[in-house]
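Here the structure is laid out as structure tokens; the discussion comes afterwards.
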Amino acid sequence: IKSLQKNWIGLQKGTFINFPVIDKNLTITVFTKSPQTLYGVSAIALSVNHPFIIQITSPDKQTKINKFLANFVLGEYGTGAVMINAFAPEIFKYKEIPNLISEKELKQNKQVDYSFAIKYNLPIKKIFHINKQGEKLTGHFINSPLINNLDNKEKAIEIINQHLEQEKKGQKGEFYHLKD
1 IKSLQKNWIG LQKGTFINFP VIDKNLTITV FTKSPQTLYG VSAIALSVNH PFIIQITSPD
61 KQTKINKFLA NFVLGEYGTG AVMINAFAPE IFKYKEIPNL ISEKELKQNK QVDYSFAIKY
121 NLPIKKIFHI NKQGEKLTGH FINSPLINNL DNKEKAIEII NQHLEQEKKG QKGEFYHLKD
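First residue of the sequence shown: 1, per full-length UniProt numbering; consecutive thereafter.
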């Protein structure tokens, strides 16, 4: 039984980040294994069955959301995502970032994220500069004030986590999930 559990249940270590929804008394908590990429966040994708969807959807988007949800339930899968005009502050600069609902969980896949951003006209923020010296690749963080010029991912994660914890905007944690 323990072997079956180990094969079915995965443990991820990462960071829980709290995004308050602007003009609502709600907070969306997101788990990530890559908190060092927070300066690149351009949207928060919520599952179609997230409990906050109805509460944070602006009235002018409610009909579109209802249609999207109905299509999803019927298995037609709608258009992929709907912008809902609910915003959370960017975790460091307090610039608004959009929330949207999505039919699929967005995994940390750079090509999927890039294609999604292009499809929904989301800004793509460059946060890492890569240098190629012959066959060797090196790089450092850019456009990320707390970690600019750092070339060490683990150190960047440590700095971001410390800042989030000091500001009471997030904390390190573990997340259990079923393996695919």
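For each residue, glycine too, the CB sits at the ideal point set by N, CA and C.
For glutamate 174, the enclosing beta strand (DSSP E) begins and ends at 170 to 178.
When C-beta atoms of the stretch 28 to 44 are compared with those of the stretch 143 to 161, three or more pairs fall below 8 angstroms, so the two segments count as touching. Glycine 40 carries a helical assignment under DSSP once its states are collapsed to helix, strand and coil. For the options Gln171, Phe175 and Lys179, the alpha carbon positioned closest to that of asparagine 18 is the one of Gln171. Annotation: lysine 64 to threonine 138 spans about 45 angstroms, alpha carbon to alpha carbon. Around lysine 179, the same chain offers Asn7, Trp8, Ile9 and Gly10 as residues with beta carbons nearer than 8 angstroms, after the five sequence neighbours per side are excluded.
Annotation for lysine 155: the continuous alpha helix (DSSP H) segment containing it runs 153 to 166. Of the residues assessed, asparagine 143 falls on the exposed side of the cut-off, its CB having fewer than 16 other CB atoms within 10 angstroms. With fewer than 16 other Cβ atoms inside 10 Å of its own Cβ, leucine 4 counts as exposed.
For the pair isoleucine 53 and isoleucine 28, the CB atoms are not nearer than the 8 angstroms cut-off. Restricting attention to Tyr114, Ser47, Pro51 and Leu122, the CA atom closest to the CA of leucine 26 is found in Pro51. By the neighbour-count definition (other C-beta atoms within 10 Å, threshold 16), isoleucine 56 is a buried residue. Between glycine 173 and phenylalanine 16 the beta-carbon gap is near 5 angstroms, inside 8 angstroms, which marks them as a contact. Residue pairing by DSSP places glutamine 12 opposite Phe175 in a beta bridge.
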